[in-house]
Every structure is written in structure tokens, then in C-alpha cells.
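The opening residue of the sequence shown carries number 1 in the working numbering; numbering runs sequentially from there.
For glycine and all other residues, C-beta sits at the position ideal for the given N, C-alpha and C.
Contents: one structure, followed by commentary.
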Amino acid sequence: MKCPVDNETLVMTERKGVEIDYCPKCRGVWLDRGELDKIIEKSAEAEARGPEPRREHSEREREDYRPNARAEYKPHRKKRESLLGEIFDIF
């Protein structure tokens, strides 16, 4: 199947039991008939179950924890030039 935007071949993958097609070039996601309904249904089931239980941290993760890690980090602050400069900063 081809992407309707850029005519690139779509890649099929499965996410949480639902097959979706996506374009690797424009990153567009395309669903076949009924797939959106499956996604909505699975989302409603997940909400009905409630939040997942918290997991305990392993001993290794506890050893790696440094309570003063933020104290070592000095954030770099960018001088604000203008509103237009911030808007077009992505280019």
C-alpha cells in the first residue's frame, strides 16, 4: 500500500494488538476500517482497569540514585531575543 501524501510504501506494524500502517517518510499513520474502533475499545478497557500498580525499584536502581544530582547540574539559559525568534527557532 502507498502513502496518499508522498506515495512512499507504508510499513505495517502491530501496536497493542491493532495493526497500523505508517509512512516512514512523513510519519503519517493510516488505519484500516475498524482499527480506530479497536483502539478506542482498548483505551476504554484500560481506563476501566484503573492505573497500573507501582513497581518497586530494584537494589541496583537504589544504588544509582543520587539525591543531590540536580545540585551538580547548572542549566544553560538562552538569552531571549524576541517572540518571533522563539517561534521560528525550530528552523
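Secondary structure note for arginine 33: it is in no alpha helix (DSSP H), with a DSSP letter that is neither H nor E. Contact between the region 5-13 and the region 21-35 is present, with at least three C-beta pairs closer than 8 angstroms.
In the three-state scheme derived from DSSP, where H, G and I count as helix and E and B as strand, glutamate 56 is classed as coil. In this structure, DSSP gives lysine 16 a state outside helix and strand, which the three-state scheme calls coil. Per the C-alpha coordinates, the member of Pro51, Met1, Lys16 positioned closest to glutamate 35 is Lys16. Aspartate 21 has Met12, Trp30 as its beta-bridge partners, per DSSP.
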